[in-house]
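Chemist: This note's numbering numbers the first residue of the sequence shown as 3 and each following residue consecutively. Structure provided below as structure tokens; questions to follow.
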Amino acid sequence: MATRYDPFREMDRLFNASVRQAPVSPGMPLDLYRDGDKFVAQIDLPGVDASSIDIDVEDRTLTIRAERRSVTGEDLEWLTHERPTGTFARQIGLGQGVAPDKIEADYADGVLTLTIPVAEEAKPRKIQVSHGGSRQTIEHDAE
3 MATRYDPFRE
13 MDRLFNASVR
23 QAPVSPGMPL
33 DLYRDGDKFV
43 AQIDLPGVDA
53 SSIDIDVEDR
63 TLTIRAERRS
73 VTGEDLEWLT
83 HERPTGTFAR
93 QIGLGQGVAP
103 DKIEADYADG
113 VLTLTIPVAE
123 EAKPRKIQVS
133 HGGSRQTIEH
143 DAE
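Here it is in structure tokens:
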């Protein structure tokens, strides 16, 4: 019995395996978590000058742009060039329960940290209910 060899099958298998393992945005990996009344986004931006970081909020979409410049020189000869350079961008959709006007940003040790507070109207609160002359406190979750 003859075995048929398909060179494209192996190439396709390797390509699909590498695509599954590739990060979504290799230039700006992101961690996002909730810590009490705020969301925290940490974005790795090693080698980025803080003055090149631009953060905008428009229509409840947060956009982060940053530039990592390449080393240049007349006598420069690259032996290995694996670190991505250029302008990178990342967008995060903001839900209705956050306060986009109170977002804070800090850049230290190559990590951009965004603190996104939960909006006051989205926080749980107590509502007083009166009935027949007596007051009763009922917890209400606004989410």
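Here a beta-carbon is modelled for each residue, glycine too, at the ideal position from N, C-alpha and C. These numbers were taken from a predicted model, which means no experiment stands behind them.
Using a Cβ-Cβ cut-off of 8 Å (strictly less than) and excluding sequence neighbours within five positions of residue 69, which residues of its own chain qualify?
Modeler: Cβ within range, chain order: 50, 51, 54, 88, 89, 90.
Chemist: So the beta strand (DSSP E) residue 133 belongs to, where does it begin and stop?
Modeler: Per DSSP, residue 133 belongs to the beta strand (DSSP E) from 127-133.
Chemist: Out of curiosity, what's the CA-to-CA distance linking residue 112 and residue 45?
Modeler: When rounded, the distance between both Cα atoms is 9 Å.
Chemist: According to DSSP, is residue 61 helix, strand or coil?
Modeler: Residue state, collapsed to three classes: coil.
Chemist: With respect to the beta strand (DSSP E) encompassing residue 75, which residues constitute its N-terminal and C-terminal limits?
Modeler: Careful: residue 75 lies outside any beta strand (DSSP E) and carries neither H nor E.
Chemist: Quick one: residues in its chain with C-beta nearer than 6 Å to the C-beta of residue 65, no 5 flanking neighbours on either side, listed in chain order?
Modeler: The answer, listed in chain order, is 58, 93.
Chemist: Please list, in chain order, all residues of the same chain as residue 33 whose beta carbon is under 6 Å from its beta carbon, the five residues on each side excluded.
Modeler: Once the five neighbours on either side are set aside, the close Cβ partners of residue 33 are 44.
Chemist: With a CB to CB cut of under 8 Å and the five nearest residues on each side skipped, what residues in its chain are close to residue 35?
Modeler: Around residue 35: 41, 42.
Chemist: Buried or exposed: residue 129, going by 16 or more other Cβ atoms within 10 Å of its Cβ?
Modeler: Result: exposed.
Chemist: How about residue 97 and residue 121: are their beta carbons less than 7 Å apart?
Modeler: Contact: no.
Chemist: Give a yes or no on whether the C-beta atoms belonging to residue 101 and residue 86 are separated by under 7 Å.
Modeler: No. Outside cutoff.
Chemist: For the candidate residues 95, 110, 104, whose alpha-carbon lies nearest to that of residue 63?
Modeler: Among 95, 110, 104, the Cα nearest to that of residue 63 belongs to 95.
Chemist: Could you tell me if residue 81 is buried or exposed, where buried requires 16 or more neighbouring beta carbons within 10 angstroms of its beta carbon?
Modeler: Classification of residue 81: exposed, given that the 10 Å Cβ count is below 16.
Chemist: Using three-state DSSP, classify residue 55 as helix, strand or coil.
Modeler: It is coil, neither helix nor strand.
Chemist: Give the DSSP-derived three-state secondary structure of residue 84 in the structure shown.
Modeler: Residue 84: coil per DSSP, three-state reduction.
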